[in-house]
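Visitor:
Number of protein chains: 2
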Amino acid sequence: MSTDAGAKAARPQRADGRRNQARVLEEAFAAFAAHGAAVPIREIARRAGVSTGTVTRHFPTKEALFRAVALHRIEHLVRSAEDIAAREAPATAFFTFFAFLVRQSAADHAVGDALTGAGFDLQAAASTAISDFGAAMTGLLSRAQQAGTVRADVDTADIKALIAGCIARDDDGAAQQRMIEIACDGLRPRRG
Amino acid sequence: MSTDAGAKAARPQRADGRRNQARVLEEAFAAFAAHGAAVPIREIARRAGVSTGTVTRHFPTKEALFRAVALHRIEHLVRSAEDIAAREAPATAFFTFFAFLVRQSAADHAVGDALTGAGFDLQAAASTAISDFGAAMTGLLSRAQQAGTVRADVDTADIKALIAGCIARDDDGAAQQRMIEIACDGLRPRRG
DNA sequence: ACTTATCCGGGACGCCTGTCCCGCTTAGTT
DNA sequence: AACTAAGCGGGACAGGCGTCCCGGATAAGT
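Protein chains in written order, with our numbering: chain A, 19 to 210; chain B, 19 to 210.
In structure tokens:
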């Protein structure tokens, strides 16, 4: 009947609802980035200036909210991985991406928690972003292995563990850079 | 008056009390080893066949119980460190100790949590075991550095971070060994 | 045997968490 | 302006945690 082409003229999302959802998402980004997945829902609601009920309305569970934040960031990681893969030689692209991942995880605890599986297991939830990330990581890694700059027996789980180790030193920038060097050196084939 | 030489004839600890304390400690060892510092006090009490009040009586706080368990294990680590330092050349002793620490932390989550500071910050509580451990670690590390087998700019916090990374792969024995190799290789001086 | 300080069980308490729900408000449509 | 469904606030609820406390039990000393 109306200008809507759909069969149902269901009322569209209200403007204030959309605004609040955006604000919650915005504050969730900041809060998860600052304190990781362990930050309480009430705290995010308080920062966004809404009630906990409003948060739950837009994101029925805490995991849903965390996923919305983390997957968005991971999509960004995937794009960066593709950029690096396009720009850099296979022999070094992986190392560049590794350093990028560590710095990103240290700056944004949501990324770190998502990668290391702290809080929620995002791997279980099938998502294009997650699988794309896995594919990008595997691609960079295997190409470095074929180029002979990374030992052949490591897998992506090893890489995640190394990242977890590096972000344990996120309190000190120089130490972090040192950890990246140590990890990358260790990944090179032995007696190279 | 009695055979006691002390000034106060305070009643000694009751036999059942000592028995229960030993049982709690025993089960706490097993539980913390299996699941880390996050295991609930109630669970330890249940396993020991006592009530939570009994646990609290002997160990007024959860941190006290965890400390009793963890410090005992750390004393063992210190003895092992001294053994390794006595038996092995400075150039390799550190690496042996590192591998030992990782395997120990993977087998006993209480050790891992104590080392990486998960749960409680045992470093804050001044204890001879903790300071002895720090001294042993620093000694092995600096001697390896003087021998030229470990890069000069790493400190003990870096080592702990690497251990944290290695125990993230404690689900797979082969992967763990691989992680130890990677970490040790990375610790060697560059272009060496 | 009797006394008494020690000890124990089990529940209460307070705190924190994520999730759900009800009554009121408000934006969008007619 | 009126109507209605979407949306909101704030509190209720359930579960889990560490800690504390009281009435009854019991081991140790006399």
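Virtual Cβ for every residue (Gly too), placed ideally from N, Cα, C.
DSSP three-state label for P108 of chain A, please.
Guide: Taking the first residue of the first sequence as position 1, residue 108 of chain A is located at position 90. Looking at P108 of chain A - three-state DSSP - the assignment turns out to be helix.
Visitor: Here's the rule: buried if 16 or more other CB atoms are within 10 angstroms of the residue's CB, otherwise exposed. What is S123 of chain B?
Guide: Locating residue 123 of chain B in the second sequence gives position 105, where the first residue counts as 1. Buried, since its Cβ has 16 or more Cβ neighbours within 10 Å.
Visitor: Measure the C-alpha to C-alpha separation of G35 of chain B and A117 of chain B and round it to an integer number of angstroms.
Guide: The count along the second sequence starts at 1 and reaches residue 35 of chain B at position 17. The count along the second sequence starts at 1 and reaches residue 117 of chain B at position 99. Taking the straight line from one Cα to the other gives about 39 Å.
Visitor: F47 of chain A lies in the alpha helix (DSSP H); which residues open and close that run?
Guide: On the first sequence, position 29 is the one that residue 47 of chain A refers to. Note, F47 of chain A: alpha helix (DSSP H), A33 to H53.
Visitor: At least one CB of chain B closer than 8 Å to the CB of I177 of chain A: is that the case?
Guide: As a position in the first sequence, residue 177 of chain A is number 159, starting the count at 1. Not closer than 8 Å to any Cβ of chain B, the Cβ of I177 of chain A fails to qualify, so no.
Visitor: Would the segment 51 to 71 of chain A and the segment 103 to 113 of chain A be scored as touching if the rule is three or more Cβ pairs under 8 Å?
Guide: As far as the Cβ criterion goes, the segment 51 to 71 of chain A does not touch the segment 103 to 113 of chain A, which means the pair count is below three.
Visitor: Which of the three DSSP states is assigned to G130 of chain B in this structure?
Guide: Locating residue 130 of chain B in the second sequence gives position 112, where the first residue counts as 1. Helix.
Visitor: Alpha carbon to alpha carbon, how far is G71 of chain B from G204 of chain A?
Guide: Counting from one through the second sequence, the residue named residue 71 of chain B turns up at place 53. Counting from one through the first sequence, the residue named residue 204 of chain A turns up at place 186. In a straight line, the C-alpha of G71 of chain B is about 49 Å away from that of G204 of chain A.
Visitor: If I measure Cβ to Cβ from R187 of chain A and keep anything under 6 Å in the same chain, skipping five residues before and after, which residues do I get?
Guide: By 1-based counting over the first sequence, the position of residue 187 of chain A is 169. Only A193, Q194 and M197 meet the Cβ criterion.
Visitor: Going by DSSP, what residue range makes up the alpha helix (DSSP H) through A175 of chain A?
Guide: One-based indexing of the first sequence puts residue 175 of chain A at position 157. Element bounds for A175 of chain A: T174 to I185.
Visitor: Evaluate the contact criterion for the segment 40 to 52 of chain A versus the segment 87 to 103 of chain A: three or more CB pairs, one atom per stretch, below 8 Å.
Guide: Yes: at least three Cβ pairs fall under 8 Å.
Visitor: For chain A, check one thing: does any of its Cβ atoms lie closer than 8 Å to the Cβ of R161 of chain B?
Guide: Sequence index remark: in the second sequence, residue 161 of chain B carries index 143 (1-based). Closer than 8 Å: no.
Visitor: If the cut is a Cβ gap below 8 Å, which residues of chain A does D203 of chain B touch?
Guide: By 1-based counting over the second sequence, the position of residue 203 of chain B is 185. What D203 of chain B touches in chain A: D203, G204, R206 and R208.
Visitor: Could you name the residues of chain A that A182 of chain B contacts, counting a contact when the two beta carbons are closer than 7 Å?
Guide: In the second sequence, counting from the first residue as 1, residue 182 of chain B sits at position 164. Per Cβ cutoff of 7 Å: A182, G183 and A186.
Visitor: Give the DSSP-derived three-state secondary structure of G67 of chain B in the structure shown.
Guide: Translated into positions along the second sequence, residue 67 of chain B becomes position 49. DSSP places G67 of chain B in coil when its eight states are reduced to three.
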